[in-house]
Amino acid sequence: MIKFFYCLVLIGILTGCTVDNSGTGGFDVKEPTTEKRTKYRTFISDEELKTQKELAQIEAQKRIELEKISGETRLKQLELEREKELALLREKEKLLKIEHEQAMQRYILIGAILLIFLIGAALLWYFDKRRKDKLRAYEDNLKKYFHQKENEARVKIAEKILDTVSSQDLNMEQKAKLIEALHGPIASPDTKESEEKQQLQERYNPNKSIK
Numbered sequence: 100m101i102k103f104f105y106c107l108v109l110i111g112i113l114t115g116c117t118v119d120n121s122g123t124g125g126f127d128v129k130e131p132t133t134e135k136r137t138k139y140r141t142f143i144s145d146e147e148l149k150t151q152k153e154l155a156q157i158e159a160q161k162r163i164e165l166e167k168i169s170g171e172t173r174l175k176q177l178e179l180e181r182e183k184e185l186a187l188l189r190e191k192e193k194l195l196k197i198e199h200e201q202a203m204q205r206y207i208l209i210g211a212i213l214l215i216f217l218i219g220a221a222l223l224w225y226f227d228k229r230r231k232d233k234l235r236a237y238e239d240n241l242k243k244y245f246h247q248k249e250n251e252a253r254v255k256i257a258e259k260i261l262d263t264v265s266s267q268d269l270n271m272e273q274k275a276k277l278i279e280a281l282h283g284p285i286a287s288p289d290t291k292e293s294e295e296k297q298q299l300q301e302r303y304n305p306n307k308s309i310k
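For the sequence shown, the numbering used here assigns the number 100 to the initial residue and increments by one for each residue that follows.
Below, the structure is given as structure tokens:
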């Protein structure tokens, strides 16, 4: 009887049966090879998924770092562009300031030239008027002088004629001629006055005398 029991146990071991507590009659059939492969593949798939997740995290972190670097680079580029724009604006402002100063200098120069021209014209007008006034005053004085000399000459001639008429025995015709000469023009003072006027004109207007 005992030998028979040992034989059953041996047969069970050889056939791959094992004792299980699953309540299947005290025996459990060994798992097939396909199920083991499925579990192995599932285990491998979990490892791959975990690896892929890690790789994805690394890739995401890498992208974040690259984006940070790209953002910093872009920020630096923007700062450089802003500095360039500021430099251009400063240069334009400097050029505008130089142009404004040059324009002001031109306006000041033009104003100075116009002022000098006006002052020169005013001085020419003043000296010309002064010269004409002096010439007119000199002519008036000269006329007064010759008129006075003419009157003095007339008085002297009249005195001589009167002395001649009163001191000498003259006929009526001679007396009439002397009286006519007394009231007639005297040539010498007028001739002298005209000569003085001509000399005065030649003195103050040499160009006119040359023509």
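The C-beta atom is built at its ideal place from N, Cα and C for all residues, glycine as well.
In this text the structure is predicted, and so the values were computed from the model without any measurement.
For Glu272, there are no CB contacts under 7 Å within the same chain when 5 residues up- and downstream are skipped. Secondary structure within the segment 197-247: not one fully enclosed beta strand (DSSP E) run of 3 or more consecutive residues is present.
The alpha-carbon separation between Leu188 and Glu147 amounts to approximately 59 Å. Distance from the CA atom of Lys161 to the CA atom of Leu174, rounded to whole angstroms, is 19 Å.
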